Structures are given as C-alpha cells and as structure tokens.
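**Student:**
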Amino acid sequence: MKALTWQGRDKVGIENVPDPKIINRSDAIIKVTSTAICGSDLHLYGGRVPSLLKGDILGHEFMGEVMEVGRDVKNLKLGDKVVVPFNIACGKCYFCEKKMFSACDNSNPNPAIPMLGTGQATSALFGYTHMCGGYAGGQAEYVRVPYADVGPLIVPNDIDDEKVLFLSDIFPTGFMAAENCNIQPGDSVAVWGAGPVGQFAIRSAFMLGAGRVFAIDRFPERLALAEEAGAETINYEDEDVYERLQYETGGQGPDSCIDAVGMEAHGHGIDALMDDAKAMLRVQPDRAHALRQAIRCVRKAGTVSVPGVYIGMIDKFNFGMAFNKGVNFAMGQTHTHNYLKPLLERIQNGEIDPSVVISHRLTLDEAPAGYKMFQEKSHDCTKIVMHLN
Ligand SMILES: NC(=O)c1ccc[n+]([C@@H]2O[C@H](COP(=O)([O-])OP(=O)(O)OC[C@H]3O[C@@H](n4cnc5c(N)ncnc54)[C@H](O)[C@@H]3O)[C@@H](O)[C@H]2O)c1
Ligand SMILES: [Zn+2]
Ligand SMILES: [Zn+2]
Numbered sequence: 027m028k029a030l031t032w033q034g035r036d037k038v039g040i041e042n043v044p045d046p047k048i049i050n051r052s053d054a055i056i057k058v059t060s061t062a063i064c065g066s067d068l069h070l071y072g073g074r075v076p077s078l079l080k081g082d083i084l085g086h087e088f089m090g091e092v093m094e095v096g097r098d099v100k101n102l103k104l105g106d107k108v109v110v111p112f113n114i115a116c117g118k119c120y121f122c123e124k125k126m127f128s129a130c131d132n133s134n135p136n137p138a139i140p141m142l143g144t145g146q147a148t149s150a151l152f153g154y155t156h157m158c159g160g161y162a163g164g165q166a167e168y169v170r171v172p173y174a175d176v177g178p179l180i181v182p183n184d185i186d187d188e189k190v191l192f193l194s195d196i197f198p199t200g201f202m203a204a205e206n207c208n209i210q211p212g213d214s215v216a217v218w219g220a221g222p223v224g225q226f227a228i229r230s231a232f233m234l235g236a237g238r239v240f241a242i243d244r245f246p247e248r249l250a251l252a253e254e255a256g257a258e259t260i261n262y263e264d265e266d267v268y269e270r271l272q273y274e275t276g277g278q279g280p281d282s283c284i285d286a287v288g289m290e291a292h293g294h295g296i297d298a299l300m301d302d303a304k305a306m307l308r309v310q311p312d313r314a315h316a317l318r319q320a321i322r323c324v325r326k327a328g329t330v331s332v333p334g335v336y337i338g339m340i341d342k343f344n345f346g347m348a349f350n351k352g353v354n355f356a357m358g359q360t361h362t363h364n365y366l367k368p369l370l371e372r373i374q375n376g377e378i379d380p381s382v383v384i385s386h387r388l389t390l391d392e393a394p395a396g397y398k399m400f401q402e403k404s405h406d407c408t409k410i411v412m413h414l415n
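Quick note, in this note's numbering, the sequence shown goes up one by one and the last residue is 415.
(1) Ignore the nearest five residues each way along the sequence and tell me which others in Gly39's own chain have a CB closer than 8 Å to its CB.
(2) Relative to ligand 2, is the shortest distance from any of its heavy atoms to the C-beta of Ser66 smaller than 8 Å?
(3) Can you give the Cα-Cα distance for Asn375 and Val382, rounded to whole angstroms?
(4) Along the chain, where does the beta strand (DSSP E) that runs through Arg238 open and close?
(5) Quick one: Cα of Asp98 to Cα of Arg313, how far?
(6) Using the rule of at least 16 other Cβ atoms within 10 Å of the residue's Cβ for burial, across every protein chain shown, is Phe152 buried or exposed?
(7) For Gly90, does the three-state DSSP call read helix, strand or coil?
(8) In angstroms, rounded to a whole number, what distance separates the CA positions of Met141 and Pro333?
(9) Have a look at the DSSP bridge pairing and note the partners of Leu30.
(10) List the residues that DSSP assigns as beta-bridge partners of Arg287.
(11) Tell me whether His405 is buried or exposed, calling it buried when 16 or more other Cβ atoms sit within 10 Å of its Cβ.
(12) For the alpha helix (DSSP H) containing Lys342, list its first residue and its last residue.
(13) Quick one: grab the DSSP three-state call for Thr61.
(14) Nearest-angstrom Cα distance between Ala150 and Ile337?
(15) Determine the burial state of Phe400: buried for a count of at least 16 other Cβ atoms within 10 Å of its Cβ, exposed for fewer.
(16) Please identify the residue among Val109, Lys125, Cys130, Asp106 whose C-alpha is closest to the C-alpha of Ala115.
(17) Any beta carbon from chain D within less than 9 Å of Ala252's own beta carbon?
(18) For Arg74, collect the residues of the same chain with a Cβ closer than 6 Å to its Cβ; drop the 5 residues on either side in sequence, then sort them by chain order.
(19) Check whether the Cβ of Glu253 lies closer than 8 Å to any heavy atom of ligand 1, and answer yes or no.
(20) Check Ala216 in the structure and name its three-state DSSP category.
(21) Runs of 4 residues minimum, wholly inside the stretch 288-359: which ones carry the alpha helix (DSSP H) assignment?
(22) Quick check on Thr148: does DSSP put it in helix, strand or coil?
(23) With which residues is Ala54 paired in a DSSP beta bridge?
(24) State whether the stretch 296-305 contacts the stretch 236-253, with contact taken as three or more CB pairs (one from each stretch) at a distance under 8 Å.
(25) Have a look at the DSSP bridge pairing and note the partners of Thr259.
(26) Buried or exposed for Met89, going by 16 or more other Cβ atoms inside 10 Å?
(27) For Ile56 and Leu179, what's the separation of their Cα atoms in angstroms?
(28) Would you call the stretch 117-129 and the stretch 184-199 touching, i.e. three or more CB-CB distances under 8 Å?
(29) Would you mind sorting Asp266 into buried or exposed? The rule is 16 or more other CB atoms within 10 Å of its CB.
(30) For His363, count the other beta carbons within 10 Å of its own beta carbon; 16 or more makes it buried, fewer makes it exposed. Which is it?
(31) Beta strand (DSSP E) containing Met412: first to last residue?
(32) Please list, in chain order, all residues of the same chain as Gly72 whose beta carbon is under 8 Å from its beta carbon, the five residues on each side excluded.
(33) Closest to Pro280 by CA distance: which of Leu70, Gly346, Gln319, Ser230 is it?
(34) Have a look at Ala241, Tyr273, Ala255, Met157 and flag the residue whose alpha-carbon is nearest the alpha-carbon of Tyr416.
(35) Whole angstroms are fine: how far does the CA of Gly219 sit from the CA of Ala316?
(36) Let me know if Asn50 comes out buried or exposed under the rule of 16 or more other beta-carbons within 10 Å of its beta-carbon.
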C-alpha cells in the first residue's frame with residue numbers, strides 16, 4: 027500500500043510499504059477514506075520529538091471503512107464507516123475505566139523511554155514515535171487499529187467525511203480545552219493560537235457559555251476564521267496582548283486562558299529569543315512564549331488550560347507568577363474517546379460544522395507538499411485534509 031513516511035528533518039515522502047495485518051484478536055484493519063495533517067505532526071516533521079525513525083508512517087487523524095476484524099471484535103462489522111480517536115486505549119485498565127483514556131496503561135508496548143521523561147508512560151498514539159508505542163499512522167491507504175471495540179466510532183454512511191473526520195482529534199481537543207476552563211455563563215476566555223485546535227477551542231468555549239472569546243495569532247486568515255465564530259481578535263504583531271486583554275476585561279484579565287499553540291510558539295522578547303536559540307541548538311525543544319503570556323494575562327484564581335503540546339523542561343517558566351495568582355492548570359493529551367458520541371450529536375444537531383476549518387483538500391500523493399505548506403502557513407493554509415477515494 028501507499029503511505030506517508032518520515033524521511034528525516036522536514037522531509038516526508040510517499041512510499042510503498044507492506045499492507046497492515048491483524049496481529050491481535052482485538053484488531054481491525056481500516057481502509058482510510060480521509061486523513062488530515064495536525065499541528066502535532068509538525069513537531070514530528072521538524073524532528074523535535076525523540077524516537078521517530080526514518081520510514082515510520084505518520085498520521086493520527088483518520089477515518090474510513092472497516093475491512094477486516096479480529097476474532098474478538100464485537101462492535102464493528104465489515105463495511106462500517108468509522109472515525110478513529112488518535113489515542114489508543116485498552117478500555118480495561120485503571121485509567122480507561124476512569125475515562126482517562128490518554129493515560130491508558132496497556133496500549134504502549136514501549137513504556138521505558140516515556141517513563142524516563144514523565145515518571146509513568148501514557149497511552150500509545152497512532153503514528154507518533156516509538157516512545158508513544160510505535161504504531162503505524164493513518165496517512166496511508168490502510169491502518170491497523172488495536173482495541174477496535176474501544177476506540178472507533180461508527181458514523182452514519184450518509185454523513186460527509188469532512189463533517190466528522192475531526193472527531194478523531196482536534197474537535198475533542200478544542201472542546202476538552204474549553205471544558206477544562208469550567209466556563210461560567212458570560213465568562214471571558216482568551217485563546218492563544220487560531221490554528222485548527224484554537225478554532226475548535228473558540229467554538230467550544232462559546233458552546234459552553236462563554237460571553238466573550240479573544241483569539242490571538244498573527245495570521246490574518248486564521249484570525250478572520252476566528253472572527254466568523256464570534257471571537258474578538260488580537261494580532262500580536264500589531265498590539266500588546268497583555269495590555270489589550272487588561273483593557274478589555276476592565277483590568278481584571280480573562281477568566282480563562284487557553285494555550286492552543288504549544289511547543290513551537292513564535293514570539294518577540296527576550297524569553298522567545300532564548301527559546302529560539304535553545305531550540306536551534308537542540309538543548310531545549312519547548313518554546314513556551316504563549317504559555318508564559320497566558321499565565322501573565324489570566325485573572326487571579328483563573329484557569330490556564332493547555333491543549334498545546336509540550337515535551338521537555340521549560341526554561342524561565344513563570345511558576346511563581348502562577349502560584350501567587352492562584353492559577354488553576356489543566357492540560358494533556360485529549361481523552362478523545364469521551365467526546366466522540368456527544369460531539370457527533372452536536373454536529374448532527376447542526377450546532378457546528380467542523381469542516382469550516384479546512385483550507386486545502388489534497389490527495390495522499392500531494393501530502394508531502396501539504397506538510398511544507400502547513401508548516402510554513404503559506405497559501406492561507408489553515409487545515410489540510412487528504413481524501414483517498
Ligand atoms: N492535547 C492534545 O491532545 C492535542 C491534540 C491536537 C493538537 N495538539 C497541539 O495543539 C497545538 C496546536 O495545533 P494546531 O493543529 O492548531 O497547530 P497550528 O500550528 O496550525 O496552529 C498553531 C497556531 O499558533 C499560532 N502561534 C504561534 N505562536 C503564537 C503566539 N506566541 N501567540 C499566539 N499564537 C501563536 C500560530 O501562528 C498558529 O496559527 C499544537 O501544539 C498541537 O501539537 C494537542
Ligand atoms: Zn493531532
Ligand atoms: Zn487502558
């Protein structure tokens with residue numbers, strides 16, 4: 027089959043690789059019909075996450091048709107149309123039973139490396155390095171889905187792929203980021219990053235009762251998309267983010283701040299310059315300018331919710347500022363499985379059309395050019411989907 031593989035820093039290619047096979051009785055094989063490139067794929071593309079090897083198949087946002095199921099699979103049958111969550115969870119361990127699916131204890135067969143970094147290994151992810159399990163990703167014609175009774179959501183055949191594909195990751199991720207803010211009716215929420223995750227955080231914050239949402243970025247097309255959802259926009263190239271948020275909130279600061287940027291923040295100022303230098307020298311991967319700013323801007327006893335991905339030790343981290351203000355933190359890989367059904371209902375009710383974030387539709391063969399475009403944010407690129415049929 028054809029698959030998109032990592033070939034080295036800033037280089038991916040389409041290769042012919044062996045078709046996936048059922049390995050365990052709880053596996054299914056999915057024929058991929060649509061798949062997308064995520065901001066998290068950019069961290070891999072740039073070679074910033076350890077234990078990714080040349081030839082690894084990328085992709086964790088995908089959906090398709092069930093082609094084959096292992097003997098123990100009860101919930102899926104051939105021909106079902108399914109969306110697959112990006113984290114792999116067993117459904118039976120302590121964490122899965124408590125609905126903390128991204129903390130699954132069983133799905134990652136390589137826990138030793140993440141344990142060094144985090145103390146305990148978290149769940150495996152599709153197409154996301156060997157320390158996250160070494161599972162092949164879904165930017166491919168076919169993919170093996172482990173624990174097939176636990177993750178995949180069956181969706182109606184007549185619903186367009188583009189409406190439901192993002193249930194695999196970015197819609198639940200934006201939603202959980204907003205949910206973690208414990209939004210009270212009328213609250214103000216500031217969202218750093220108007221990329222795909224930020225777009226869903228903005229829309230989810232409104233769905234959960236926010237009165238005002240501020241979207242912070244520097245790309246006009248992304249800010250325009252945020253504005254369409256009702257957000258008030260702040261282009262940080264044109265104005266000081268802290269000053270504007272103070273002004274808009276009567277000197278109090280937003281009730282909640284969401285960092286939907288993560289470890290590759292762009293920025294000006296001493297902290298951003300130091301982060302850039304360290305990232306270039308490969309001594310510290312995380313560039314945390316947006317997170318530091320969110321901590322400074324949030325109101326006292328407010329919440330900083332972090333869906334943006336970080337992987338290492340952050341230097342010059344203003345933890346004392348957070349402590350003295352009594353900031354609540356919430357973060358982590360999304361417990362995607364919890365959100366599939368409720369968010370499908372919101373799509374079916376017409377509360378949201380997730381396809382509005384798509385700017386480019388490509389074939390799998392065009393995906394390498396798509397990575398470059400998405401990384402450079404060129405051609406007004408907000409979100410790329412590859413259709414395979
Ligand atoms: N927690 C999870 O489970 C999960 C799931 C999906 C994605 N993510 C992470 O969410 C983050 C965003 O993903 P995405 O797909 O939207 O990526 P993206 O790269 O398209 O968007 C990031 C946006 O942040 C903006 N930005 C950069 N520096 C900024 C700054 N200082 N202030 C404000 N905005 C700034 C960029 O201009 C860009 O528009 C990534 O770190 C990704 O890895 C996490
Ligand atoms: Zn993702
Ligand atoms: Zn589990």
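All C-beta atoms, glycine included, are put in the ideal place defined by N, C-alpha and C.
Keep in mind that this is a model prediction, so the values were computed, not measured.
**Tutor:** From the atom records:
(1) Leu30, Thr31, Gln33, Pro394
(2) yes
(3) 16 Å
(4) 238-243
(5) 44 Å
(6) buried
(7) strand
(8) 21 Å
(9) Ile40
(10) Checking the sequence shown, residue 287 turns out to be Val, not Arg. Val287 is not bridged to any residue.
(11) exposed
(12) Run containing Lys342: none; DSSP gives neither H nor E here.
(13) strand
(14) 15 Å
(15) buried
(16) Cys130
(17) Judged by its chain identifiers, the structure shown contains no chain D, having just a single protein chain.
(18) Pro311
(19) no
(20) strand
(21) 296-306, 315-323, 345-351
(22) coil
(23) Val95, Val171
(24) no
(25) Ala241
(26) buried
(27) 12 Å
(28) no
(29) exposed
(30) buried
(31) 410-413
(32) Arg35, Asp36, Glu290, Gln401
(33) Gln319
(34) In the structure displayed, the chain extends from 27 to 415; residue 416 sits before or after that span and is not available.
(35) 8 Å
(36) exposed
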